[in-house]
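Those sequence lines, one after another, are chains A and B. Using numbering that gives the first Met the number 0, you'd call the opening residue of the first sequence number 0 and step up by one each time. Using numbering that gives the first Met the number 0, you'd call the opening residue of the second sequence number 0 and step up by one each time. Glycine included, every Cβ here is placed at the ideal spot set by N, Cα and C. As the structure is a prediction and not an experimental result, all values here were calculated from the model. The structure appears right after this line, and notes come after that.
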Amino acid sequence: MKSTLSILAVSCAMGSAAMAADRTLTISVYSFAQDEYKEALYDPFEAICGCDVVVETGNSVERMAKIEANAADPVIDMAVISTQDALTLARKDLIAPLDPAKLTNFDKLYDTAKDPIGDHMAVGYTYYASSIVYRSDLVEIDSWGDLLGEELAGQVALPNITGTQGPLTVMMLGKALDAGTDLAPVITEIGAHADDIVTFYSRSSELVQLMNQEEVIAAPVGRFAWGSFEKSSLPFAWATPKEGQAGGMNVMVMTKNNGNEDLAYQFMDYWLSTEVQTKVAQMLVDSPANKDVVVSDEIAKNLTYGADVINALNIMPAAEIVDNRAAWVEQWNTEVIQ
Amino acid sequence: MFRNRREGLALALPAAIFSTLLFLVPVAILLSEAFRSDTGFSLQGYVDFFASPLNRSVFLRTLKLGVLVAGSAAIIGYAAAFCIVNLPGKARGTVFGMVVLPLMISPVARTYAWIVILGRTGIVNDAIVGLGLSASPIRLLFTETAVFLGLLQLFLPLMIISLVSAMENIPRDVIPAARVLGASWLNVFFKVILPLTKEGLVIGGTLVFTGALTAYITPAILGGSKVLMLETLLYQKVNVSNDFVSASVIAMILIAMSFAANLVLKRIATARS
């Protein structure tokens with residue numbers, strides 16, 4: 000009898016495991032900090048939902064191409080991407096609108112994170128500031144315009160227009176040059192100074208290397224890369240230009256007709272919770288979009304943290320980037336790169 | 000060697016199937032993108048590509064650097080190969096081993112070494128500033144010069160190996176005979192050495208030119224986005240723009256340039272002989 004019960008118990012346990020394996024959530028995320036995400040987010044969520052989280056990583060272009068290629072039968076349930084990439088997917092009808100009622104942590108978000116691209120097609124989960132990192136022993140930076148000044152000629156790098164940081168830098172240079180909202184004259188001005196710019200970088204890791212090799216002494220970069228500069232033996236500083244900091248946001252989206260919406264909502268809600276957002280912030284991985292998150296001053300100074308900082312960010316609307324990107328890239332290639 | 004053709008074909012069959020299924024078919028599918036449009040066959044991708052001033056300048060830069068690297072490798076390679084084949088047996092093996100050694104080191108590591116050499120705080124700039132040739136370090140990285148040096152260092156061993164193999168087949172007496180009969184070294188090179196080593200030059204030239212055209216790591220690290228070449232532009236088209244049509248067009252152009260280089264080199268070698 001005892002052995003029969005044991006067999007039954009084992010069978011039940013195996014059955015539960017089989018059921019758990021039946022529930023799988025496939026997410027598409029950026030490649031960085033996956034160990035930290037596993038510890039703070041994926042493993043705890045798997046324990047809560049009794050499901051498997053399959054993580055697909057890659058750069059934005061690859062991940063968006065995969066979502067588009069599998070539009071008829073989605074293989075990705077939810078993805079995290081930039082606001083402009085989310086809008087691009089929305090315009091291609093590849094993602095579904097989100098129902099805020101299904102996200103219990105929705106009201107805890109900063110207002111700008113609640114509906115960043117309109118029609119509730121996405122929800123923000125992290126902010127990042129963008130400013131200028133520079134060698135404080137060699138130069139002082141007071142304005143974005145200093146990037147094109149004589150003092151930095153031949154020692155400055157700018158982000159390529161094709162990346163996330165590129166349009167933000169052009170926007171802030173436009174503010175410094177009083178160019179208004181039209182970025183075309185700003186790109187022309189960058190082209191006029193192209194010989195003074197060491198290179199146009201594509202990845203922040205590339206810039207970290209260039210600055211540590213002393214090829215470059217100042218460059219605009221996202222705050223998420225600041226940790227790499229802080230670890231350096233060289234005296235790097237984070238500028239507070241008079242025009243302010245640029246900023247951006249990464250968002251969560253739900254693929255259309257994926258058939259796994261409930262689990263995807265559960266995961267998104269868990270990621271937005273104060274508990275997970277605090278853990279991820281303390282690991283210096285993402286700056287929180289949940290306004291209830293509280294971190295120490297030491298942690299906060301490495302993040303884009305707090306209402307004052309977030310509300311002061313110069314965020315470029317996603318629609319402006321998507322609508323103008325092709326023209327900017329064309330002009331950039333003609334007047335700057337060439 | 001074989002009793003009949005079937006035996007030879009049977010031995011070649013596995014390699015042929017492997018190459019066809021896993022290389023030729025996927026490449027053909029990918030490259031067919033370059034001729035496809037909504038209305039069927041089209042050359043519009045090529046028209047669009049060459050309509051862009053940036054693409055034209057990248058194409059010309061790639062061609063220029065490919066020719067310069069192959070030409071420089073041939074000049075340096077002939078001198079080096081001539082020395083190597085005239086060394087005594089043991090020394091020849093040692094020097095030849097040193098020529099081959101860089102091929103055993105990752106191109107990434109070799110390219111990063113150039114950053115140490117050419118950087119603002121590198122040994123070249125230290126020497127320039129130390130000798131008083133310039134008050135401050137000069138810009139060497141992210142220039143065509145840096146890409147040229149990196150590519151030449153990367154592919155020179157291939158040219159030397161090809162030329163050493165060719166020169167080893169020159170009959171020992173022909174060069175001394177030409178000299179005894181009054182030929183200058185220049186005449187010896189153009190009338191004896193070059194015709195007898197044309198196969199090595201064609202193979203080495205094609206390898207170096209094709210390698211320089213299709214190298215990615217070296218132009219990406221030493222040239223960055225300011226010295227775009229076709230290969231780095233191709234990467235951008237795929238990974239930044241998700242533009243597979245333009246990427247396929249670039250791939251077709253690179254293949255055509257490689258075949259053209261081989262034909263031109265063969266023609267030059269034939270004309271000389």
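Exposed or buried, what is residue i when buried is set at 16 or more other beta-carbons lying within 10 Å of its beta-carbon?
{"i": "residue 50(A)", "result": "buried"}
{"i": "residue 194(B)", "result": "exposed"}
{"i": "residue 328(A)", "result": "buried"}
{"i": "residue 197(B)", "result": "buried"}
{"i": "residue 165(A)", "result": "buried"}
{"i": "residue 409(A)", "result": "The question about residue 409(A) has no answer here: the residues shown for chain A are numbered 0 through 337."}
{"i": "residue 103(B)", "result": "exposed"}
{"i": "residue 335(A)", "result": "buried"}
{"i": "residue 183(B)", "result": "exposed"}
{"i": "residue 119(B)", "result": "buried"}
{"i": "residue 168(B)", "result": "exposed"}
Determine the direct distance from the alpha carbon of residue j to that of residue i, and round the result to whole angstroms.
{"i": "residue 78(B)", "j": "residue 94(B)", "result": "13 Å"}
{"i": "residue 241(A)", "j": "residue 142(A)", "result": "6 Å"}
{"i": "residue 129(B)", "j": "residue 214(A)", "result": "18 Å"}
{"i": "residue 357(B)", "j": "residue 231(B)", "result": "Examination of residue 357(B) is not possible in this model, given that chain B is present from 0 through 272 alone."}
{"i": "residue 41(B)", "j": "residue 35(B)", "result": "6 Å"}
{"i": "residue 288(A)", "j": "residue 252(A)", "result": "15 Å"}
{"i": "residue 150(B)", "j": "residue 214(B)", "result": "8 Å"}
{"i": "residue 96(B)", "j": "residue 182(A)", "result": "56 Å"}
{"i": "residue 348(A)", "j": "residue 293(A)", "result": "This structure leaves residue 348(A) out entirely; chain A is present only between 0 and 337."}
{"i": "residue 18(A)", "j": "residue 38(A)", "result": "Residue placement at residue 18(A) cannot be trusted, given a pLDDT of 45 that sits under 50; what the coordinates show is reported in the next sentence. The alpha-carbon atoms of residue 18(A) and residue 38(A) are separated by roughly 23 Å."}
{"i": "residue 235(B)", "j": "residue 229(A)", "result": "30 Å"}
{"i": "residue 13(A)", "j": "residue 220(B)", "result": "Since pLDDT at residue 13(A) reaches only 43, below the 50 mark, its modelled position is unreliable, and the value read off the structure follows with that caveat. Their Cα atoms are separated by approximately 53 Å."}
{"i": "residue 255(A)", "j": "residue 73(A)", "result": "8 Å"}
{"i": "residue 173(B)", "j": "residue 187(B)", "result": "9 Å"}
{"i": "residue 252(B)", "j": "residue 63(B)", "result": "15 Å"}
{"i": "residue 108(A)", "j": "residue 235(A)", "result": "32 Å"}
{"i": "residue 278(B)", "j": "residue 21(B)", "result": "Residue 278(B) lies beyond the range of chain B shown here (0 to 272); nothing can be said about it."}
{"i": "residue 17(B)", "j": "residue 36(A)", "result": "41 Å"}
{"i": "residue 223(B)", "j": "residue 61(A)", "result": "21 Å"}
{"i": "residue 286(A)", "j": "residue 297(A)", "result": "13 Å"}
{"i": "residue 307(A)", "j": "residue 313(A)", "result": "12 Å"}
{"i": "residue 143(B)", "j": "residue 173(A)", "result": "31 Å"}
Sorted by chain position, which residues of the same chain lie with C-beta nearer than 8 Å to residue i's C-beta, five sequence neighbours on each side aside?
{"i": "residue 152(B)", "result": "101, 109 and 113"}
{"i": "residue 216(B)", "result": "106, 107 and 110"}
{"i": "residue 15(B)", "result": "none"}
{"i": "residue 3(A)", "result": "Note that residue 3(A) scores a pLDDT of 45, beneath 50, so its modelled location is shaky and nothing firm can be said."}
{"i": "residue 141(B)", "result": "221, 222, 223, 225 and 226"}
{"i": "residue 117(B)", "result": "123, 124, 139, 140, 145, 148 and 221"}
{"i": "residue 239(A)", "result": "130"}
Answer yes or no: the CB of residue i versus the heavy atoms of the ligand MG, is any distance below 7 Å?
{"i": "residue 64(B)", "result": "As far as ligands go, the structure on display features none, and thus does not contain the ligand MG."}
Below 6 Å CB to CB, which residues in the same chain sit around residue i once its five sequence neighbours on both sides are set aside?
{"i": "residue 338(A)", "result": "This structure does not reach residue 338(A), given that chain A is present from 0 up to 337, and the question cannot be answered."}
{"i": "residue 337(A)", "result": "none"}
{"i": "residue 134(A)", "result": "216"}
{"i": "residue 257(A)", "result": "73 and 76"}
Using only CA atoms, which one of the options lies nearest to residue i?
{"i": "residue 217(A)", "options": "257(A), 278(A), 146(A) and 277(A)", "result": "146(A)"}
{"i": "residue 201(A)", "options": "223(A), 231(A), 174(A) and 163(A)", "result": "163(A)"}
{"i": "residue 117(A)", "options": "335(A), 89(A), 104(A) and 101(A)", "result": "89(A)"}
{"i": "residue 151(A)", "options": "198(A), 25(A), 126(A) and 103(A)", "result": "198(A)"}
{"i": "residue 209(B)", "options": "186(B), 264(B) and 43(B)", "result": "264(B)"}
{"i": "residue 91(A)", "options": "331(A), 332(A) and 321(A)", "result": "321(A)"}
{"i": "residue 27(B)", "options": "247(B), 75(B), 85(B) and 200(B)", "result": "247(B)"}
{"i": "residue 28(A)", "options": "156(A), 85(A), 71(A) and 46(A)", "result": "85(A)"}
{"i": "residue 24(A)", "options": "266(A), 286(A) and 196(A)", "result": "266(A)"}
{"i": "residue 266(B)", "options": "250(B), 218(B) and 204(B)", "result": "204(B)"}
{"i": "residue 206(B)", "options": "240(B), 58(B), 139(B) and 76(B)", "result": "76(B)"}
{"i": "residue 247(A)", "options": "70(A), 68(A) and 80(A)", "result": "80(A)"}
I'd like the list of long-range same chain contacts for residue i, defined as Cβ closer than 7 Å, with 5 residues on each side in sequence excluded.
{"i": "residue 61(B)", "result": "212, 228 and 229"}
{"i": "residue 227(A)", "result": "207"}
{"i": "residue 50(B)", "result": "none"}
{"i": "residue 178(A)", "result": "184 and 185"}
{"i": "residue 318(A)", "result": "86"}
Exercise for review: Select from the region 141-166 of chain A all residues with a C-beta closer than 7 Å to any C-beta belonging to chain B, and list them in chain order.
Suggested key: Correct list: 153, 159 and 161.
Practice item. Anything in the region 39-54 of chain B with a Cβ closer than 9 Å to a Cβ of chain A? List those residues in chain order, please. Key: Residues are counted here when their Cβ sits less than 9 Å from a Cβ of chain A; for the region 39-54 of chain B these are 51, 52, 53 and 54, given in chain order.
Review point. Using a Cβ cut-off of 8 Å, which residues of the region 63-78 of chain A contact any Cβ in chain B, in chain order?
Key: Residues of the region 63-78 of chain A with a Cβ closer than 8 Å to any Cβ of chain B, in chain order: 63 and 64.
Practice item. Scan the region 105-125 of chain B for residues whose Cβ lies nearer than 7 Å to a Cβ of chain A and list them as they occur along the chain. Key: Within the region 105-125 of chain B, the residues whose Cβ lies closer than 7 Å to any Cβ of chain A are, in chain order, 114, 118, 119 and 120.
Exercise for review: Could you run through the region 238-263 of chain B and flag, in chain order, every residue whose CB is less than 7 Å away from some CB of chain A?
Suggested key: Shown in chain order are the members of the region 238-263 of chain B whose Cβ falls below 7 Å from a Cβ of chain A: 238, 239 and 241.
Check your understanding: According to a CB-to-CB cut-off of less than 7 Å, which residues of the region 213-241 of chain A neighbour chain B?
Key -> Correct list: 213 and 214.
Point to revise | Chain-ordered residues of the region 138-151 of chain B with a beta carbon less than 9 Å from chain A | key: Per Cβ criterion, the list reads 138, 140 and 141.
Review point. At a Cβ cut of 8 Å, what residues of the region 224-236 of chain B count as close to chain A, listed as they run along the chain?
Key: Legend: CB atoms of the region 224-236 of chain B lying less than 8 Å from CB atoms of chain A belong to residues 224, 225, 227 and 235.
Point to revise | Short-range partners of chain A found in the region 154-165 of chain B, where Cβ spacing is below 7 Å | key: Within the region 154-165 of chain B, no residue has a Cβ that lies closer than 7 Å to any Cβ of chain A.
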